[in-house]
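Reading through the structure tokens given below for one structure.
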Amino acid sequence: MKIQLSEHFTYKKMIQFVLPSIVMMIFTSIYGVIDGLFVSNFVGKTAFAAINLIMPLLMGLSALGFMIGTGGSAIVSKALGEGRRDLANQYFSMLVYVSITGGIILAVTGMFLLRPIALLLGASGELIELCVLYGRILLVSLTAFLLQNVFQSFFVTAEKPQLGLKVTIAAGLTNIVLDYLFIAVFRWGIAGAAVATAISETVGGLFPILYFARKNESLLQLVKAPLDVRALGKACANGSSELMTNLSMSIVNSLYNLQLISIAGENGVAAYGTIMYVNFIFIAIFLGYSIGSAPIIGYHYGAGSHDELKNLLRMSLSIVGICGILLILLAQIMAAPLAGIFVGYDSELEAVTCHGFRLYAVSFLICGFNIFGSAFFTALGNGIVSAAISFLRTLVFQTAVLLTLPLILGINGIWLAMAVAEALTLIITVWFLVNRRKQYHYA
5 MKIQLSEHFT YKKMIQFVLP SIVMMIFTSI YGVIDGLFVS NFVGKTAFAA
55 INLIMPLLMG LSALGFMIGT GGSAIVSKAL GEGRRDLANQ YFSMLVYVSI
105 TGGIILAVTG MFLLRPIALL LGASGELIEL CVLYGRILLV SLTAFLLQNV
155 FQSFFVTAEK PQLGLKVTIA AGLTNIVLDY LFIAVFRWGI AGAAVATAIS
205 ETVGGLFPIL YFARKNESLL QLVKAPLDVR ALGKACANGS SELMTNLSMS
255 IVNSLYNLQL ISIAGENGVA AYGTIMYVNF IFIAIFLGYS IGSAPIIGYH
305 YGAGSHDELK NLLRMSLSIV GICGILLILL AQIMAAPLAG IFVGYDSELE
355 AVTCHGFRLY AVSFLICGFN IFGSAFFTAL GNGIVSAAIS FLRTLVFQTA
405 VLLTLPLILG INGIWLAMAV AEALTLIITV WFLVNRRKQY HYA
């Protein structure tokens, strides 16, 4: 049964609508994890550490896609809520074309940044060469990866979340199969992992272009669209929180690696890499819920449905809270098996990883409220508040805690830094929700 943005949402209907987005984000996270899993077990922890060192740069360059996707879906869904479908298609098309242009520019720029960044992050010898090799191959598919991130949001806005899920599953399965062939069978090492990911990103980024370029059954279609600087600026402002999140995560992840190299050496970086891969899968639930619910919020805000906004916020906070409790319990149970899957070949590294993940997982109880809170204000078109939450959460508080807590608790301070930063951010998120309730009539 097709669920439309304009409907009244119950818990059941909301879960049915956002579930494809949640599964889509989980699959996106899983096939990103596959590289690390195969490289760690078949190539070794030095190559695994190389991926973890250079990944923050690659994710930073791809942040444009998250910004345009989330920020753009807000203005497109608002236009749909106002009954202006032609304008929505023009906005949508322009944002896709800007993403393609931006992806090409960033890919070329990234080629020159790889080696200096690897050196800056403390890599030396073989580690540098592996970082550069892996990064250069993935930069070839950067534009496709940007588009994949953009379309994750727009499939939901187009009322086609199931199709977005199918595309993500196809890309994920492509990556898994090719990782097995290129790494485990052909023994291409870290280059094989990069080629497999590049091909899967191409599948995930280019198929949506073919779908939206022709007449289809969704609410959106690619059309000729002039560059609307004002609309582009608003989309970027709305999505600035997602841009800030990804850029800040890239910077903070690099800081984590620097701290861990100084305290625990290569084992620390490898342990953190494993924790990050698993973390992506866990928080994908919150990210997927936020992506899936944002167009609904944007639509009803555009339509002036204040009662439905109240309903959506109330339901969302309940769902996020329950998920947080379940995830922290699951993390404590699964810490040892997950560490064994990634680094079971090294007992010392496995013990460090298991202990670190159990402490890091405390953040799952809190982070969902902050992720949704930021996305909620993005959907309402308030990019400033959304960006403030993300900026404080992903950069300011984490950096401050990461530089101070290890002085008191040692390596445990590094593992607990995220939980403390999330708790500080929650205070800010609650303050904004209370302070802006009359402006947007959601409470």
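In my numbering, each number is its position in the sequence shown, counted from 1, plus 4. Yeah, the Cβ is synthetic: ideal placement off N, Cα and C, and Gly gets one too.
- Within the stretch 128-178, the runs of alpha helix (DSSP H) at least 4 residues long that lie entirely inside it are, in chain order, 130-144, 146-161.
- Counting C-beta pairs with one atom in each stretch, the stretch 373-388 and the stretch 320-334 have three or more that are closer than 8 Å, which means they touch.
- For I194, the closest of V438, I265, V136, I267 by C-alpha to C-alpha distance is V136.
- By the beta-carbon neighbour count (other beta carbons within 10 angstroms, threshold 16), K82 is buried.
- For R318, the enclosing alpha helix (DSSP H) covers residues 310-347.
- Closest in C-alpha terms to P410, from the list G308, L214, E221, Q263, comes Q263.
- Annotated three-state conformation of K6 is coil, per DSSP.
- Relative to the Cα of K49, the nearest Cα in the group V181, S320, Y349, S394 belongs to Y349.
- Close CB contacts of V37 within its chain, under the 6 Å cut and outside five residues either way in sequence, are with Y281 (chain order).
- The shortest C-alpha to C-alpha distance from Q402 to any of W419, N386, Y215 is the one to W419.
- In the same chain as Q156, and ignoring 5 residues on each side of it, the C-beta atoms closer than 8 Å to its own belong to S25, M28, M29, T32, G73, G168, T172, I295, in chain order.
- Sorting V43, D39, A239 by C-alpha distance to the C-alpha of A202 places D39 at the top.
- For A241, the enclosing alpha helix (DSSP H) stretches over residues 233-242.
- Using a 10 angstroms sphere on the CB of P60, the tally of other CB atoms reaches 16 or more, which defines it as buried.
- For the pair A122 and L57, the CB atoms are nearer than the 8 Å cut-off.
- In the structure shown, P24 adopts helical secondary structure according to DSSP, grouped into three states.
- Separation of V181 and Q152 (C-alpha to C-alpha, rounded to the nearest whole angstrom) is 19 Å.
- The beta carbon of E130 sits closer than 7 Å to those of T50, all from its chain and outside the five residues before and after it, given in chain order.
- By the CB criterion at 8 Å, C358 and A379 fall outside the cutoff.
- Inter-residue distance for E86 and G302 is about 10 Å (C-alpha atoms, whole angstroms).
- Here H12 is exposed: its Cβ has fewer than 16 other Cβ atoms, across all protein chains shown, within 10 Å.
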